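Residue numbers (the numbering used here): 187 to 1383.
Using N, Cα and C, we set each Cβ at its ideal position, and we do this for glycine too.
As the structure is a computational prediction, the values presented were derived from the model and not from experiment.
Here's the structure we're looking at; comments come further down.
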């Protein structure tokens, strides 16, 4: 499915799909193309809602879609051809039943699974829909076609698993697209790439005579899709299960056979499932005849370590007894039951890996959870060093991946999306057991040579992942001694469990490696019968790991905590057990490594250090520093701890005289109930980490007493909303020396939400809120709806109006099509609270950005109750992205009503009267593309307002126009710029001549100021070295020197200049996030109650920022939203309680209002909202308090 995306006859999406259709699909693969303009682009059928539903109901296995979307709908030719939208209700109503689809799309946010998204409705439809959905959780981009192409190339290139195919797309369109594209569904789901054939499954035996463990061979075959032959099916997944009793699964080999062990405990049937790529699933069963007479197996064990520390855990160095319980699953009593115990350990493995016939680069080998690289090839690795699966993506990462887990060893390889030949050898230092191929196909495989060696080879393509899974064991080891290998159980009746009458016994060496278990096996005998059972279980072995923890204190003669010449001092050195076993009866010993110190007391008793605890010994070491010590070199020591089993931990170079420096560069990033702390990493080579403290009335409280922060970031959670906090950080080195505390870092969590907010729409919010009084009837306040209302548009196609408490106003929302432009609201311009028609009620004007055969872009005007005004809406034949303006252009006071000014993307500028009639001289065609909003103000001082508009006429060309009310150009205009204009121009009197200057920014990163005659203003332009899409904002930041100009740029900087073009001290400032653009217009007002002006602005790192006039950040800011904030914030006392509310929209579909302590009086906001006022005039009224002191100067001017 492919639509016209951005303009009429825009075939980019359809051309992408034609390119896709010609690339990964095999010849003759059935494709059906739903294209918006199918006759012109080679499609099979027109893309519209009805046709899309019809095709989805047919149950196409694979669906590819690209059109504008949102969380609640997916376009079906929604723009320019009028095909409509697939809704959640449409997905709920699909009737394709079990012919379920896999749907891929890169439209905007249909997979926003944090909302009630259309993707979830597609999957949850019990009568049809789909089985997997891959799409964007937020905005999508046409550039994601490279992900689209890669996804299907992987599916049809030998890796049809949906998760692998998605993984292969990561990074192809940048990190943003990789994060946005997500899968709802099973990542192991295999996409069907040909007509599925039925499987032919046979078992040997065909039924089980008894319960109990036994082997079953399964043969899987299938008919060829078009040849009259039956062939074995390799890599079919076969699974047996019986609820609560047995589960066994495996893959068939090249002959289509797999042999599995099943162990049913009761009669009946065992379920059998077989699945294979491009085949229909097989569901069957295996009958179980009658109960077995006897079946004995392991049930439980206990660790008897009372002679040691008695904690019930097997630990390195301990000698234990091992009582074991057996269960008899048979129906008859087993008599004279005995068992013998044998143990094995994981043995190291040597690997010789080859890629394309050459030894693999060590950097292409990843071992264990840390993804460590070996020093060379071949390499030897032990189980404890390989613990945990390394992170890798078969579709992107080339190489070998080696790890161990509870199921054994794994050596896998992947081609990173390309075709490669892999081969090599595995050699165990013990014995190889149960070697199984992972995903090996016919022609690939492995061969074992004796008990310790195996050779492998395979060909991988696309996102394939092949490998070997196996066990590598020492049959015997000096690390574990079985001191009593036989136990007696007596009689065990059928269906019961008995503990051994005599226990087994083990002795574990203190050197037993950390992170390993003992693999124990019981051979169980039933009296004189020849039969026996083998049952296995794991014995985890815990091991303590002691570390010298930061010094508890240096108690010296003068009490300053520093060692100095001639001093005698006591040292308190704690120990931390970071292992999983207890360290018992620990003693510590201190030895001086320099001649400058005598250790008077060199041994102290530490006692027991339990796992996960820190112990401060009651005894202290005592040392004496020689009086002639010159202060250098450092006083270094060797520190050793030893437990009762002979485990030894050494710290061979501990120095107590050179603590690290206090951390610097501290910063905070507040959240609603959390605080992120950051600082510059210390540079000391022996740095161990950091302690983080929160300042409290009783003194600093350590936040991480049990571990060191290894990075220079710390997130403190569980905090209160709108609360102040102070933090300190100190560094710790390997010897336990502590730095001084850092300077205090103070901030507060985010301010509270206004009651009733946020409010959620069904689309991203591009528009900026207008705050206006819609609850007044003439001069009398409406007692039902006091305060200010919030008016905003959403890309869900609606214009919303809420009162200050978040309640929808009567008659709202109104649906008109996607609203990108910010709505305008009429306000007092002459006389009473007059609206557009000056009947005493404010009106709302909004524009829809839609066009095409079935939709017409229109400009709407309603009264405050959502009733269209006579003569409205107006069709303008082109999308409208620029914000409309309400203003009185006609200079004649006897002419009723105001005007609406709107600029369309086709470059025309319109002016209508309050009845929707086009005014003489309008529209005017500029010849450019207009996305910037008009500004209205009296440029020449004749009380006749002018209209100012900027245009985009190419990346290297733009113009700024100015016209009188009758459409005649103002002398000196238009002005030509070296780059197009995205940012809306504003008007402000910068030099107190009572004529506003025109301030405009171009996309090339220049900010210009022109006089009313179109000549350059002194001190301008100024460069920001990045593209500008945000409107400049004007306001008096410092209260002294007249207005300043503030603008954000796409490199994440926000600039502020005085009227003469000199930078304001402390500016520019920079946002914190990695997505660095600032496309939001700033608001200027008091947000923190200090009586001074602050700057508030949104950013593409999903946050809303506020800075003081000196460029320092306002505590409690930034505030995180769910996505980009390009909406310009608005400041006003919405609820008339005397303080300020801050309102803003976000791409996350929400409109936020925060309750701030800022004051409206004595200084009102300098720039309250986008375009300054609700009417969106973009005009800053001159505020020059010092003019009253200089009347003569004004007369002279």
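Terminal residues of the beta strand (DSSP E) in which residue i lies
i, result
"residue 292", "No beta strand (DSSP E) holds residue 292; DSSP gives it neither H nor E."
"residue 902", "899-902"
"residue 856", "853-856"
"residue 836", "834-841"
"residue 536", "535-541"
"residue 508", "505-508"
"residue 426", "423-428"
"residue 667", "666-670"
First and last residue of the uninterrupted alpha helix (DSSP H) at residue i
i, result
"residue 353", "348-353"
"residue 335", "331-341"
"residue 572", "Neither: residue 572 is in no alpha helix (DSSP H) and is coded neither H nor E."
"residue 202", "198-207"
"residue 1384", "Outside the modelled stretch of the chain, which goes from 187 to 1383, sits residue 1384, for which no answer is possible."
"residue 276", "274-278"
"residue 304", "304-310"
"residue 224", "224-227"
Buried/exposed call for residue i, threshold 16 Cβ in 10 Å
i, result
"residue 566", "exposed"
"residue 935", "buried"
"residue 1381", "Because residue 1381 carries a pLDDT of 30, less than 50, the predicted location of this residue cannot be relied on, and the following value inherits that uncertainty. Per the 10 Å Cβ criterion, exposed."
"residue 202", "buried"
"residue 683", "exposed"
"residue 374", "exposed"
"residue 1214", "buried"
"residue 1016", "The predicted position of residue 1016 is uncertain, since its pLDDT is 40 and thus under 50; a value taken from the coordinates is nonetheless stated next. So residue 1016 ends up on the exposed side."
"residue 1136", "buried"
"residue 220", "buried"
"residue 1374", "The predicted position of residue 1374 is uncertain, since its pLDDT is 32 and thus under 50; no value can be drawn from it."
"residue 1193", "buried"
"residue 1180", "exposed"
"residue 288", "buried"
"residue 1211", "exposed"
"residue 195", "exposed"
"residue 869", "exposed"
Top-ranked residue by Cα proximity to residue i, from the options
i, options, result
"residue 1225", "592, 1155, 696 and 1279", "1279"
"residue 542", "1341, 1212 and 608", "608"
"residue 598", "644, 720, 944 and 652", "652"
"residue 1096", "1134, 705 and 1130", "1134"
"residue 554", "1202, 577, 753 and 368", "577"
"residue 1153", "1201, 1111 and 193", "1111"
"residue 457", "472, 443 and 466", "472"
"residue 376", "327, 294 and 461", "461"
"residue 887", "893, 895, 894 and 878", "878"
"residue 667", "763, 702 and 530", "530"
"residue 282", "310, 914, 752 and 649", "310"
"residue 1344", "855, 1270 and 222", "1270"
"residue 1183", "1197, 1191, 1170 and 1171", "1197"
"residue 1160", "1149, 252, 848 and 1170", "1149"
Integer-rounded CB distance, given that residue j should sit under 8 Å from residue i
i, j, result
"residue 771", "residue 794", "7 Å"
"residue 733", "residue 698", "At roughly 19 Å, the Cβ-Cβ gap does not stay under 8 Å, so residue 733 and residue 698 are not in contact."
"residue 1075", "residue 1131", "5 Å"
"residue 864", "residue 906", "The pair is not a contact, with the Cβ atoms about 21 Å apart (cut-off 8 Å)."
"residue 976", "residue 1329", "6 Å"
"residue 1360", "residue 956", "4 Å"
Residues bridged to residue i [DSSP beta-bridge criterion]
i, result
"residue 1355", "According to DSSP, residue 1355 bridges with nothing at all."
"residue 591", "594"
"residue 861", "856 and 902"
"residue 739", "758"
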